[in-house]
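> The listed protein sequences derive, respectively, from chains A and B. When you line the first sequence up against our numbering, it's residues 3 to 432, in that order. When you line the second sequence up against our numbering, it's residues 3 to 432, in that order.
Protein chains: 2
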Amino acid sequence: MPKITAITTHDVRARTSRTLAGSDAVHTDPDYSAAYVVLETGGSLRGHGMTFTLGRGNEVVLAAVRALEKPVVGLTLDDIRGDMAAFWRRLASESQLRWLGPEKGVIHLATAAVANAVWDLWAKAEGKPVWKLVADMPPEQLVGCIDWRYLSDALTRDEAVDLLRANAPGKAEREATMLRDGYPAYITSAGWLGYPDDKVRALCRESLAQGWRRFKVKVGRDSAENVRRCAIVREEIGEHAVMMVDANQAWDVGEAIEYVNALQPYRPLWIEEPTSPDDILGHQAIRRAVHPIGVATGEHAHNRVMFKQLLQADAIDFVQFDNCRLGGLNEALAVLLLAAKFGKPVCPHAGGIGLCEYGQHVALIDYIAVSGSLDNRMLEFADHLHEHFVDPIVLRDGRYLPPTAPGFSIEMRAESIAALTWPGGSEWSA
Amino acid sequence: MPKITAITTHDVRARTSRTLAGSDAVHTDPDYSAAYVVLETGGSLRGHGMTFTLGRGNEVVLAAVRALEKPVVGLTLDDIRGDMAAFWRRLASESQLRWLGPEKGVIHLATAAVANAVWDLWAKAEGKPVWKLVADMPPEQLVGCIDWRYLSDALTRDEAVDLLRANAPGKAEREATMLRDGYPAYITSAGWLGYPDDKVRALCRESLAQGWRRFKVKVGRDSAENVRRCAIVREEIGEHAVMMVDANQAWDVGEAIEYVNALQPYRPLWIEEPTSPDDILGHQAIRRAVHPIGVATGEHAHNRVMFKQLLQADAIDFVQFDNCRLGGLNEALAVLLLAAKFGKPVCPHAGGIGLCEYGQHVALIDYIAVSGSLDNRMLEFADHLHEHFVDPIVLRDGRYLPPTAPGFSIEMRAESIAALTWPGGSEWSA
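1. DSSP state of K134(A), grouped into three classes?
2. Given V132(B), which residues of its chain have a CB within under 6 Å of its CB, disregarding the five upstream and five downstream residues?
3. Do you know how far the Cα of P279(A) is from the Cα of Q251(A)?
4. Taking its Cβ as the centre, do 16 or more other Cβ atoms sit within 10 Å of L47(A), making it buried, or is it exposed?
5. Anything in chain A within Cβ reach of V62(B), meaning under 8 Å, just list it in chain order.
6. Between V221(B) and Y188(B), what straight-line distance do the alpha-carbon atoms span, to the nearest angstrom?
7. Is the Cβ of A287(A) closer than 8 Å to any Cβ of chain B?
8. In whole angstroms, give me the CA-to-CA distance for K130(B) and R83(B).
9. What does T7(B) pair with, by DSSP beta-bridge criteria?
10. For the segment 244-273 of chain B, which residues have a beta carbon sitting closer than 7 Å to at least one beta carbon of chain A?
11. Is G330(B) close to chain E? Criterion is C-beta to C-beta, closer than 8 Å.
12. Is the beta carbon of L381(A) closer than 8 Å to that of Y185(A)?
13. Given this structure, state the Cα-to-Cα distance separating T423(A) from R91(B), to the nearest angstrom.
14. My output table needs one value for S428(A): the three-state DSSP class, helix, strand or coil.
15. Indicate whether at least one CB of chain A lies closer than 8 Å to the CB of A187(B).
16. For chain A, is any of its Cβ atoms less than 8 Å away from the one on Q212(B)?
17. Between which residues of its own chain and A8(B) is the CB-CB distance below 7 Å, once the five residues before and five after are set aside?
18. What are the complete alpha helix (DSSP H) segments, minimum 4 residues, inside the segment 234-297 of chain B?
19. Find the residues of chain A that neighbour G284(B), judging by a C-beta separation of less than 7 Å, and give them in chain order.
20. Can you look up G356(B) in the DSSP assignment and give me helix, strand or coil?
21. Taking a contact to mean a Cβ-Cβ separation below 8 Å, would you say V297(A) touches P276(A) in this structure?
22. To the nearest whole angstrom, what separates the beta carbons of V63(A) and T55(A), a pair I think is in contact under 8 Å?
23. Does DSSP put V229(B) in a helix, a strand or coil?
24. Just reading off the beta strand (DSSP E) that K1(B) is part of, what are its end residues?
25. Contact defined as beta carbons within less than 8 Å: I believe V255(B) pairs with I273(B). What is the distance between those atoms, to the nearest angstrom?
26. Comparing the C-beta of P350(B) with each C-beta of chain A, is any distance below 8 Å?
27. So which residues on chain B does V28(A) lean against when the C-beta distance must stay under 9 Å?
28. Span of the alpha helix (DSSP H) holding V307(A)?
29. Determine whether the Cβ of M52(B) lies closer than 8 Å to any Cβ atom of chain A.
30. Give the range of the alpha helix (DSSP H) segment to which T53(A) is assigned.
31. Residues of chain B with CB under 9 Å from L56(A), in chain order?
32. Determine which residues of the segment 8-27 of chain A have a Cβ less than 8 Å from any Cβ of chain B, and write them out in chain order.
33. Mind pulling the chain B residues with CB within less than 7 Å of Y152(A)?
34. Output yes if chain A places a C-beta closer than 8 Å to the C-beta of A342(B); else output no.
35. If you draw a straight line from the C-alpha of Y369(B) to the C-alpha of L271(B), how long is it?
36. Suppose you measure from the CA of G345(B) to the CA of I318(B); what does that come to, to the nearest Å?
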């Protein structure tokens, strides 16, 4: 039985700020980075996990990972999978460390890296990709991976079991559909805020030629500039393609309403992160005022309690959680179930480094086992840094093909870790 | 002109878990700790600041403080006080570091330590205590210390100026009242959850003899036990003293309503932290269901956007922010103004280590310059660890006497820092 004997950490950073890939209204110079974690077992089986950051501060997340050694090292895989929710709560509610959150910020990002490394370890031990490991679980086992605290006023454990049971009959067919067709995606690579117009036009044309029909555009604090950029993209992609816009938290509530309504002629499907990610009531007010444009948020919504309220308040149309911002897959499963209960589509946040690799598993679990639907659902895609992974994502005709290798697809190539290690790797010392 | 040349950090921890002082329903073994920061100027003038933690993880906050050196070191005091809001935003919205929050968790705790050290530096440079520095500011200067982003749907900068102007005429008289009588306090030291009944009874009697008439009691997950403890405290303190109860986030929303209503016979003034600190809508539901018991929260509410919503949703009766959980005094001033606009009393969270020292300044600013009221207002007091401060709090007849030494009262004695340094100090090596 594998036993976790140590946690190894790596400070992995790509120097993406050189190209302005990933630039937006508030993140002007990101260096896409991973606080990277390896659970050692003394043998060849290892659990790999990471959380995503923008560069500076990656070392702070790794300090938090080391603080989590105490509740993890020494456990066997059976200790963990025997009561996965209790294991997760040991991480998320450690009696002294919880003051640093609770369940938010650096300590929750670290919880995600460690929890997802455990999922990787478990899936490898069973010889399955994570999506298949979870999709194959009986309903009681799946809900047993979730810490249900603070959710019962919106969704009880028993309701969740009933929901999973009701969707169980179609699981095999949906899995076959995914293996044949893949999961629908949209592309963000064309519209980074730091890109000049001619580059945006060229990337739109290139993406159209590659088969993409759904495009996300970054907008910012200058409303006239936003209108101009959306007009360019709409002109390039034509009337029938889908456009989404993303403000990355740039606006106050009143500004958001005014600036989003100025984009109505270009018919965006959603406005993403119009204001503070903590502002549930603000999103509710914006949503009421910008119809028929939908409201999307979640990459900075930090835990299941925030999503519970976004859903209770009918504040969003699209649920965009991030598998690292939430405390890993355990909490992502809770949000999938909440979204299914409230009838809202989940479109996971991806991009960055490793987030597409993680996100495909979550999207597949949602379709095969939880919501059973593809309506209004699509997974973000950005064309960065996939070459660093042992089992990178595979896209075909704008859809993610399900990974088949055991684990969570997050293991990085040894030579990539060496090259991207900050500050000594060749990426930084050159 | 003083210039910040370096940030020195100290990992200061008191071994309070030995006595169960500070124990509650979810924090069972706290070691009251300070991520302690000194802004060096190359001369004898220094800025001292800290944020509070429960022990493990204190080193993670200090790693975050070091990550904030970049936007701080090299600035002069004039650079900062010339546009205090812009300085604060440089900390809270650093383009890469903000991913670690934004404005929450470890990076925000670190922002608080650094921002409050700047306030200490500024106040010492002017030879005033911080409360006096702020209370003496013209309205425009005070609101110029606040980052107004995300607030305009609830309170604009202009409204805040008007509010301060309307209260300005009574400032001198209120200051004189404070210097004569002090600010009202309540005591938490009697009712820690880990204390046996006879110790609680003895501490209640002792506190009554010292003049205390307001007492807070910790409650937990066992409703019958809560009823029993409240009955004991009510019996000891009599019918006319004030009792508050504090659940430290132990319950789901439905449980909170049931368990709080079971305490109605003992007439607590408020239930504090009945559920997740992120659950604005949950607090709203609880408040509606437990009247006439009031709802209080805030020591884990992480920024001004959360307080904005708690007030917009009429979800709480008492605003209990923590000057370290928020990003320091700049953000605390925003919440004081929001609370004044919505007509809710602020009763700052204190206790721990250093929080009473900080909290007295905030409470004095609220009374003298912002709300102008003492109605339903009182500052928490716990009788721990004040001996470690150069200018410790002074209480008389259950009231805080205003500090008169320049600064934020947070400078620790050099021998205390040495003794409490983790893990090498005598507190830990003995």
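Glycine residues also receive a C-beta, built at the ideal position from the N, C-alpha and C atoms. As the structure is a prediction and not an experimental result, all values here were calculated from the model.
So, from the listed chains and residues:
1. helix
2. W121, A125, H363, F410
3. Near 7 Å, if we compare the C-alpha coordinates of P279(A) and Q251(A).
4. exposed
5. V62, A65, A66, A69, L102, V108, I109
6. 17 Å
7. Among the residues facing chain B, A287(A) is included, as its CB has a counterpart in that chain under 8 Å away.
8. Per the coordinates, the alpha-carbon of K130(B) lies some 15 Å from the alpha-carbon of R83(B).
9. The partner list for T7(B) (beta bridge, DSSP) is empty, contrary to what the question assumes.
10. Listed by position, the residues of the segment 244-273 of chain B near chain A (Cβ gap below 7 Å) are D254, V255, G256.
11. Absence of chain E from the displayed structure is noted, the protein chains being A and B.
12. Using a Cβ distance threshold of 8 Å, Y185(A) and L381(A) count as a contacting pair.
13. 30 Å
14. helix
15. no
16. By this cut-off, Q212(B) is not an interface position.
17. These residues qualify, in order along the chain: E42, V75.
18. 255-263, 282-292
19. D155
20. coil
21. yes
22. So it is a contact: roughly 6 Å between Cβ atoms.
23. helix
24. No answer is possible for residue 1(B): the residues shown for chain B start at 3 and end at 432.
25. Incorrect: roughly 12 Å between the Cβ atoms, too far for contact.
26. no
27. S95, S97, R100, P104
28. 306-314
29. No, no contact with chain A.
30. From DSSP, T53(A) is part of no alpha helix (DSSP H) but of the beta strand (DSSP E) over 49-55.
31. Within 9 Å Cβ-Cβ: S97, Q98, L99, R100, W101, L102.
32. none
33. D254, T277, S278, D281
34. no
35. 21 Å
36. 11 Å
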